[in-house]
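Asks:
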Amino acid sequence: MPLWPSRSEKVKLLQRVALFEGLSSRQLAQVARLVDEVNVAAGKRLAMAGQTGRELFVIVEGRALARTPRGRTVQLGPGQFFGEMSLLDGGPRSATVEASTPMRLLVIGYREFWQLLAESPLIAKQIMRVLSNRLREADAAFSPCS
Ligand code: CMP
Numbered sequence: 307m308p309l310w311p312s313r314s315e316k317v318k319l320l321q322r323v324a325l326f327e328g329l330s331s332r333q334l335a336q337v338a339r340l341v342d343e344v345n346v347a348a349g350k351r352l353a354m355a356g357q358t359g360r361e362l363f364v365i366v367e368g369r370a371l372a373r374t375p376r377g378r379t380v381q382l383g384p385g386q387f388f389g390e391m392s393l394l395d396g397g398p399r400s401a402t403v404e405a406s407t408p409m410r411l412l413v414i415g416y417r418e419f420w421q422l423l424a425e426s427p428l429i430a431k432q433i434m435r436v437l438s439n440r441l442r443e444a445d446a447a448f449s450p451c452s
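In this note's numbering, the protein residues as written are 307 to 452.
Okay, structure coming up:
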C-alpha cells in the first residue's frame, strides 16, 4: 500500500475540485506533479492570522472555519480553497483557519502556486473570481454602524 497517492489518484482528486475545472487531462497531470495530498484531524490549525503564509490549501473533503481578526467567520468546504491571499500579495495571513472536521486537502507551495498561475490562465481566472466574490461578501458583511 503506497504511503502517497499515485499521480492518477491525484488527478482523480483534482477532477473533483472546481478550481481545476476546464483543464485537460494533460494539464491535470501537470498540476498533480505540483500538489501534495494531506489528511488532517479536526481542530488542526492550518493558517494563523498575522503570520507569513507559504501554501495554498484546496479542500477535497471536510470543512474548515476561517476567523478574521475582526471576528468574522466563514465556513469553507469541499471544492473551496484558502491561503491564496498571502501568496498573492506576500502579506500576512488575513485569518486563522482551523479544520472543523477531519479533512483531506491538496497543498500547493509558493513556487508551485506561481508556476500554476503562469502555466494556466484558467486557474488564475478562477482564483481572481473567488477573490472578487470574497471581497464583495466581506464588504456586504461590514456594517459601519456596528
Ligand atoms: P490568507 O490570508 O493567505 O490566509 C487566510 C485565508 O483565509 C485567506 O488567505 C483566505 O483564503 C481565507 N479568508 C480570509 N478572509 C476570508 C473571507 N472573508 N472569506 C473567505 N475566505 C477568507
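All C-beta atoms, glycine included, are put in the ideal place defined by N, C-alpha and C.
How is Pro-427 classed by DSSP in three states: helix, strand or coil?
Replies: In the structure shown, Pro-427 sits in a helix (DSSP, three-state: H, G or I).
Asks: Using three-state DSSP, classify Val-337 as helix, strand or coil.
Replies: Reduced to three states, the DSSP call for Val-337 is helix.
Asks: Since I believe Lys-316 is in contact with Val-344 (beta carbons under 8 Å), could you give me their beta-carbon distance rounded to a whole number of angstroms?
Replies: At roughly 12 Å, the Cβ-Cβ gap does not stay under 8 Å, so Val-344 and Lys-316 are not in contact.
Asks: Going by DSSP in three states, Ala-447 sits in which element: helix, strand or coil?
Replies: Helix.
Asks: For Ala-370, which three-state DSSP category applies?
Replies: Strand at Ala-370.
Asks: For Ile-414 and Phe-388, what's the separation of their Cα atoms in angstroms?
Replies: Between Ile-414 and Phe-388, the C-alpha separation is close to 11 Å.
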